[in-house]
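If you're matching positions, the sequence shown starts at 91 in this note's numbering and goes up one per residue.
In this text, a Cβ means the ideal position worked out from N, Cα and C, and glycines have one as well.
On a predicted model such as this, the values are computed, not experimentally measured, just so you know.
Scroll down for the structure; my scribbles are underneath it.
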Amino acid sequence: MIWGNPDDPVKLWRIDADRREQERAQAKEQMKREREHHERDVAQASAREEIAELKQRLAAVEQQVASFDELAQAVATFGAAVDNKLAELQRLLTRHAELRQAESPQPKGFQGFAREKGDTEVLDLPDFIRKMH
């Protein structure tokens, strides 16, 4: 309720000032909502860009992991092939050594001392120290 003369310029000025203050508060609130909406949109766009970048990096990592799996498989296959070939080579070298040993005559070397009967049995060793008494 307005007291006094409704056409009083001070009262009209106050009513107009209150109305403008309310409009200004509404405009500030609207600007604040718009700014928050804009900031949210910018943040969402930035988040989408980061997510897209992370998805690309994840795809690259998955591709590298697949490449490493293929490499590991190839290395395991190669290792098995090398083991097989080394076993075959060892078998062939053993067979070759057996054949060469059977073909070749025993080399002449140290024939032993005169009093030895065989390679493992020694009857007496020569006396290198002369007894002087």
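Q: Please state whether DSSP places Ser136 in a helix, a strand or coil.
A: As a first step, residue 136 is located in the sequence shown; it is residue number 46 there, counting from the start. Helix at Ser136.
Q) Straight-line CA distance for Arg125 to Arg114? A) In the sequence shown, the residue the question calls residue 125 occupies position 35. In the sequence shown, the residue the question calls residue 114 occupies position 24. Roughly 16 Å between the two C-alpha positions.
Q: Report the three-state DSSP secondary structure of Ser157 (helix, strand or coil).
A: The residue given as residue 157 occupies position 67 in the sequence shown. It is helical.
Q. When you compare only the Cα positions, how much space is there between Glu139 and Arg123?
A. Stepping through the sequence shown from its first residue, residue 139 is reached at position 49. Stepping through the sequence shown from its first residue, residue 123 is reached at position 33. Straight-line Cα distance between these residues: approximately 24 Å.
Q.
Please state the DSSP three-state secondary structure of Asp98.
A. On the sequence shown, position 8 is the one that residue 98 refers to. In the structure shown, Asp98 sits in coil (DSSP, three-state: anything other than H, G, I, E or B).
Q. So what's Met91 in DSSP terms, helix, strand or just coil?
A. Taking the sequence shown and counting its residues from 1, one reaches residue 91 at position 1. With a pLDDT of only 48 at Met91, under the threshold of 50, the placement of this residue in the model should not be trusted, and no figure is reported.
Q. Using the C-alpha atoms, what's the distance from Ala117 back to Met91?
A. Numbered from 1 along the sequence shown, position 1 holds the residue referred to as residue 91. Numbered from 1 along the sequence shown, position 27 holds the residue referred to as residue 117. With a pLDDT of 48 at Met91, under the threshold of 50, the modelled position of that residue is not reliable, and no figure is offered here.
Q. Between Arg130 and Asp98, what straight-line distance do the alpha-carbon atoms span, to the nearest angstrom?
A. Here residue 130 refers to the residue found at position 40 when the sequence shown is read from its first residue. Here residue 98 refers to the residue found at position 8 when the sequence shown is read from its first residue. Cα to Cα, Arg130 sits roughly 48 Å from Asp98.
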